[in-house]
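Chemist: Okay, here's the structure, questions in a sec.
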């Protein structure tokens, strides 16, 4: 079986597992009044960040069962951040339906999203201890910083820095928590964190170029174009950048992971970027 | 000098110190675009929670300098929570001026408040390590839970539980962090946490009875009246409850703190409740 086919199969399995565990966590919320909103906020994601946590844990000698609560925590934070972002940006659709704030009001959306984020933090604390909480505190500070920069900076050459804060930091956390769940040493966790961050940057780059191709022209597109140097052919230029990033990631994996799992971790970032493109209807790209 | 006079003097000093340090922290934010909003969000508080952290630290053998970053973190979280609450509840005034969301828009208010909360968490992590982060994660989960219950539950006998989650947990954290800063043993931290929680409950009770006296009749007033058993004279009934709580607190302090500092820690809850009453123009109450 090719790596890509194997990843697709694993991802489907991971998605089922994460959907199931996320539901269980939400239904167990002590604030039963908030369960409807919480269920809506967590529904419908691709679970690529949680999948990253599971695969990294397995690649470093742990099991999915070791890592599943970390993966669930990452997906909780991701879903909750999107719900808050939509309030901040006034976006009306999310994951193919109306944004949570449109259905339940901005107050309830923000309130339940904040509940989910602190719930995720508590899960990490209780299940994995200091290292997991430390990484998540740093990641959440970076995510908040990225959000502020993204919303406030109108133009400017900061494209990669904003993307690193906004998307790179959560993929970094996803990978780091996989290492924590597998009880990997600190040096391995740091290196796999870089792997995750680069994957996040590649993912966001794909996301932004899709927006560009659809005709969007907001501040982040301006930043993207400025960073690329206003090329004639934006898509080809982005694909060249993506190939560069993916080659760097390959180098990290080769350095780090031995055995039969290395090809899967090496293929994962490519898989994640393609999942982004194919969700947007842009397929048949050779990366 | 009476205890009360001494506390007033210490509180003025603490307020100056905390105002100064909060300003420094805000001006150092790496997201310079957010500084205006952040400055507005943190301005104008009584700093009673941060004062609690400083006094507890000193009472347990530490110094204000050991504890000041913890006190600042508690005040950052408190101010940020208020800014988010105002968005959720649609409240238009705060600390004698327009709410942050009215001045800067709800999106920016929520975004910068979340930035301040994660910044506070990172300060605690870097300065005090695991114990401080652990306590704050648990407190922030409880605060989020309290907010959801407060906003969703229309009536019901849950008054003390909601108050414990909503206000008790942050005062508890304020006291616990004072113990952490003074490197007190775990058992002392737990006991001083109970002291803080009871102080928070007394504070909220005072806050709610002031709202009642002003003619407000929202869900939390209904819960308060139900809990009190719909008495003829609400103020006297609340004062009797406050006296009970303050007596329990006295017992905890007598058990725990020896030496010249005990009377100050014993008077602090009374001082905090009176500061609440006197800010609301209700003075000359004998507690």
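Chains as they are written, first to last, in our numbering: chain A, 150 to 436; chain B, 150 to 436.
For glycine and all other residues, C-beta sits at the position ideal for the given N, C-alpha and C.
1) Does chain A have any CB closer than 7 Å to the CB of residue 289 of chain B?
2) Would you mind reading off the limits of the alpha helix (DSSP H) that contains residue 379 of chain B?
3) Where in the region 277-316 of chain A do unbroken runs of the alpha helix (DSSP H), each at least 4 residues long, occur, reported from the N-terminal end onward?
4) State the Cα-Cα distance for the pair residue 224 of chain A and residue 191 of chain A, rounded to the nearest angstrom.
5) Within its chain, find whatever has a CB closer than 8 Å to the CB of residue 189 of chain B; leave out the 5 residues flanking it on each side and keep chain order.
6) Does the pairing of the region 294-303 of chain A with the region 313-320 of chain A give three or more beta-carbon distances under 8 Å?
7) Would you call the CB atoms of residue 286 of chain B and residue 271 of chain A closer than 7 Å?
8) In angstroms, rounded to a whole number, what distance separates the CA positions of residue 209 of chain B and residue 229 of chain B?
9) Residue 473 of chain B to residue 233 of chain A, Cα distance in whole Å?
10) DSSP has residue 91 of chain A in a bridge; who is on the other side?
11) Looking at the C-beta of residue 177 of chain A, does it have a partner C-beta in chain B at a distance below 7 Å?
12) What are the boundary residues of the alpha helix (DSSP H) that includes residue 397 of chain B?
13) Report the three-state DSSP secondary structure of residue 364 of chain A (helix, strand or coil).
14) Assuming residue 276 of chain A and residue 218 of chain A make a contact with CB atoms under 8 Å, what is their CB distance in whole Å?
15) Contact between the region 343-362 of chain B and the region 382-398 of chain B is defined here as three or more beta-carbon pairs at a separation below 8 Å; is this criterion met?
16) As a quick exercise: from A/185, A/394 and A/278, pick the residue whose alpha carbon is nearest that of residue 415 of chain A.
17) At 7 Å on the CB atoms, spell out the chain B contacts of residue 274 of chain A, in chain order.
18) Any C-beta of chain A sitting closer than 7 Å to the C-beta of residue 155 of chain B?
19) Rounded to whole angstroms, what is the Cα-Cα separation between residue 139 of chain B and residue 282 of chain B?
20) Can you name the residues of chain A whose CB is closer than 8 Å to the CB of residue 270 of chain B?
21) On the three-state DSSP scale, how would you describe residue 212 of chain A?
22) In whole angstroms, what separates the C-alpha of residue 372 of chain A from that of residue 353 of chain A?
23) Mind pulling the chain B residues with CB within less than 8 Å of residue 182 of chain A?
24) Please look up how many angstroms separate the CB atoms of residue 205 of chain B and residue 341 of chain B, rounded, as I've assumed it's under 8 Å.
25) Output yes if chain A places a C-beta closer than 7 Å to the C-beta of residue 117 of chain B; else output no.
26) Ignore the nearest five residues each way along the sequence and tell me which others in residue 247 of chain A's own chain have a CB closer than 8 Å to its CB.
27) By Cβ distance, which residues of its chain are closer than 7 Å to residue 177 of chain A, with the 5 residues on each side in sequence left out?
28) Is the beta carbon of residue 199 of chain A sitting closer than 7 Å to the one on residue 220 of chain A?
29) Quick one: residues in its chain with C-beta nearer than 6 Å to the C-beta of residue 405 of chain B, no 5 flanking neighbours on either side, listed in chain order?
30) How big is the Cα-Cα spacing for residue 355 of chain A and residue 168 of chain A?
31) Around the C-beta of residue 278 of chain A, are 16 or more other C-beta atoms found within 10 angstroms, so that it is buried, or is it exposed?
Modeler: For this structure:
1) Counting from one through the second chain, the residue named residue 289 of chain B turns up at place 140. Closer than 7 Å: yes.
2) Within the second chain, the letter at position 230 stands for residue 379 of chain B. Note, residue 379 of chain B: premise wrong, no alpha helix (DSSP H); not H, not E.
3) 279-301 and 308-312
4) Taking the first residue of the first chain as position 1, residue 224 of chain A is located at position 75. Taking the first residue of the first chain as position 1, residue 191 of chain A is located at position 42. Going by the C-alpha atoms only, they are around 8 Å apart.
5) As a first step, residue 189 of chain B must be located in the second chain, where it is residue number 40. Same-chain partners within the cutoff: 249, 252 and 253.
6) yes
7) As a working note, residue 286 of chain B is residue 137 in the second chain. As a working note, residue 271 of chain A is residue 122 in the first chain. Yes, the pair counts as a contact, with Cβ atoms nearer than the cut-off.
8) Here the question's residue 209 of chain B lines up with position 60 in the second chain. Here the question's residue 229 of chain B lines up with position 80 in the second chain. Distance between the alpha carbons of residue 209 of chain B and residue 229 of chain B is about 28 Å.
9) Because chain B here runs from 150 to 436, residue 473 of chain B falls outside it and cannot be looked at.
10) No answer is possible for residue 91 of chain A: the residues shown for chain A start at 150 and end at 436.
11) Against the first chain, residue 177 of chain A aligns to sequence position 28. Chain B contact via Cβ: absent.
12) Taking the first residue of the second chain as 1, we reach residue 397 of chain B at position 248. Run containing residue 397 of chain B: 383-405, per the alpha helix (DSSP H) assignment.
13) Residue 364 of chain A sits at position 215 when you count from the first residue of the first chain. Reduced to three states, the DSSP call for residue 364 of chain A is coil.
14) As a first step, residue 276 of chain A is located in the first chain; it is residue number 127 there, counting from the start. As a first step, residue 218 of chain A is located in the first chain; it is residue number 69 there, counting from the start. About 5 Å separates the two Cβ atoms, so the contact holds.
15) yes
16) In the first chain, counting from the first residue as 1, residue 415 of chain A sits at position 266. Taking only the C-alpha atoms, the option nearest residue 415 of chain A is A/394.
17) Mapped onto the first chain, residue 274 of chain A falls at position 125. Simply 283 and 286.
18) Mapped onto the second chain, residue 155 of chain B falls at position 6. So, not an interface residue.
19) In the structure as shown, chain B starts at 150 and stops at 436, and residue 139 of chain B therefore has no counterpart that could be examined.
20) In the second chain, the residue the question calls residue 270 of chain B occupies position 121. Per Cβ cutoff of 8 Å: 286, 289 and 290.
21) Within the first chain, numbered from 1, the residue matching residue 212 of chain A stands at position 63. Residue 212 of chain A falls in the coil class under three-state DSSP.
22) Taking the first residue of the first chain as 1, we reach residue 372 of chain A at position 223. Taking the first residue of the first chain as 1, we reach residue 353 of chain A at position 204. Taking the straight line joining both Cα atoms gives about 13 Å.
23) Reading the first chain from its first residue, position 33 is the one you call residue 182 of chain A. Within 8 Å Cβ-Cβ: 297, 298, 301 and 302.
24) Mapped onto the second chain, residue 205 of chain B falls at position 56. Mapped onto the second chain, residue 341 of chain B falls at position 192. So it is a contact: roughly 6 Å between Cβ atoms.
25) Since the first and last residues shown for chain B are 150 and 436, residue 117 of chain B lies out of range.
26) Along the first chain, one-based indexing puts residue 247 of chain A at 98. Taken in chain order, the residues that qualify are 241.
27) Position 28 of the first chain, counted from the first residue, corresponds to residue 177 of chain A. Counting only Cβ-Cβ distances below 7 Å, and skipping sequence neighbours, we find nothing.
28) Counted from its first residue, the first chain places residue 199 of chain A at position 50. Counted from its first residue, the first chain places residue 220 of chain A at position 71. Yes; because the gap between Cβ atoms is below 7 Å, this pair is in contact.
29) Here the question's residue 405 of chain B lines up with position 256 in the second chain. If we look at residue 405 of chain B and ignore the five residues flanking it on each side, its Cβ neighbours are 340.
30) Here the question's residue 355 of chain A lines up with position 206 in the first chain. Here the question's residue 168 of chain A lines up with position 19 in the first chain. For residue 355 of chain A and residue 168 of chain A, the distance between alpha carbons rounds to 25 Å.
31) Here the question's residue 278 of chain A lines up with position 129 in the first chain. Exposed.
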